[in-house]
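Have a look at the structure below before the remarks.
Protein chains: 2
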Amino acid sequence: MTVAEIQLQQHLKKAGFSLTNPRKTVFSALQDREPQTMAELVTSCGNNLDRASVYRTIELFEQLGIVQKLHVGWKYRLELTDAFSHHHHHMTCLRCGTITAFSEDAELENRLHKLAEFHNFKPQDHQIEMRGLCHNCQVATRMI
Amino acid sequence: MTVAEIQLQQHLKKAGFSLTNPRKTVFSALQDREPQTMAELVTSCGNNLDRASVYRTIELFEQLGIVQKLHVGWKYRLELTDAFSHHHHHMTCLRCGTITAFSEDAELENRLHKLAEFHNFKPQDHQIEMRGLCHNCQVATRMI
DNA sequence: TAGTAATTGCAAATTTGTCGCAATTTATGC
DNA sequence: GCATAAATTGCGACAAATTTGCAATTACTA
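Line order of the protein sequences matches chains A and B. The first sequence begins at 1 in the numbering used here and counts up one residue at a time. The second sequence begins at 1001 in the numbering used here and counts up one residue at a time.
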């Protein structure tokens, strides 16, 4: 077992679930490449893992904060949460569709936590998405 | 026609579309309660409005910036954009599923814009979601 | 290692979203 | 106002995505 798998097992056990082979498969598929769509994930988990199991696993992982859904336009993609990856947010370009990640920013995060506190909310996780024009597309647009 | 409907009509007309009854129905359903899932919206539009029309209307409204999709867990919900509502963000409770809105916060928004600028990104829109435990569920959880 | 609880695979059902086309409604030019 | 063209809608059928029940399998506990 890898270090990450041990961490995964701990997360699961703490909530009363066990680390099974199907769950390992899903987890490792997400480590290989993220973010993935559901369809991609089902494929990358291979034929020996049923579609329904992938759905159930993702649902569980999401509830336990192991996986989060990243929404882009109509669709969503799946990626490991900060606990299993690194904290970041996304900028989506409305013109070319590129998704760029931007890293954590202390000031931003602080402010967010203060707001949560003010509302008696205990955040476990958060996600910020900006939509607009990336640098290239701003230039391209100007030339039209 | 209400003031908001006139504003809606102007948005539509500017883009070459007309304000029809089905479109009024969808708009008003969104005013009544938001955010709604697609299924809820279809229901609240009543039986005389076809599902396909609701989908088509929402697609149009989204393109024209009248409606935006708010992503929550698996699903998305629909709500009017800031132009037709007021700017806000959301906190989702992972336990009971309640979605609470919190208002715009100048400091937060400023920081976000600075970051965008730093990345040469020109944001048109943004969305923040915090996920965690709402006040009630924090209390409930402690009692277990 | 037996017994119990959790998990999975399978197949079917449901839900969600899309599409073509005929019928209806809206806009336009007289 | 009225005829005509253009836009919009309803309907039915379809395709894709997601969920569910249940029997078979796997994991956990004593």
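All residues carry an ideal CB built from backbone N, CA and C; glycine is no exception. In this text, all values refer to a predicted model and were calculated from it rather than measured experimentally.
For the C-beta of N47(A), not a single chain B residue is nearer than 9 Å; the gap to the nearest is close to 24 Å.
With respect to chain B, the C-beta atom of R23(A) has no partner C-beta closer than 8 Å. Here DSSP, grouped into helix, strand and coil, assigns D32(A) to helix. Boundaries of the beta strand (DSSP E) harbouring M1130(B): K1122 to L1133, taken from the DSSP string. If you check the CB distance, Q124(A) and H89(A) do not come in under 8 Å. Following the DSSP letters along the chain, one finds I1066(B) in no alpha helix (DSSP H), marked with neither H nor E. Secondary structure at F1061(B): helix, using DSSP grouped into helix, strand and coil. By alpha-carbon distance to F1027(B), the top candidate from H1071(B), A1052(B), F1084(B) and K1075(B) is F1084(B).
Non-local C-beta neighbours of T57(A) in its own chain, meaning closer than 7 Å and more than five positions away in sequence, comprise P22, R23 and V26, ordered along the chain. Burial is judged here by how many other beta carbons sit within 10 angstroms of a residue's own beta carbon; E129(A) has at least 16 and is buried. Cβ atoms of L80(A) and E34(A) come within 8 Å of each other, at about 6 Å.
At a beta-carbon threshold of 9 Å, the residues of chain A lying near H1135(B) are H119, N120, F121 and K122, ordered along the chain.
Straight through space, the alpha carbons of L30(A) and E104(A) are spaced by roughly 21 Å. F1102(B) is positioned such that its CB atom lies no closer than 8 Å to that of H113(A).
A straight-line Cα-Cα distance of about 41 Å links Q7(A) and D1082(B). By the neighbour-count definition (other C-beta atoms within 10 Å, threshold 16), M1091(B) is a buried residue. Distance between L1133(B) and A1015(B), taken at the CA atoms: about 42 Å.
I99(A) is bridged by DSSP to T92(A).
Against chain B, the beta carbon of G132(A) has neighbours under 9 Å at A1116, F1121, K1122, P1123, Q1124, D1125 and H1126, listed in chain order. Assigned with DSSP and collapsed to three states, E1109(B) falls in helix.
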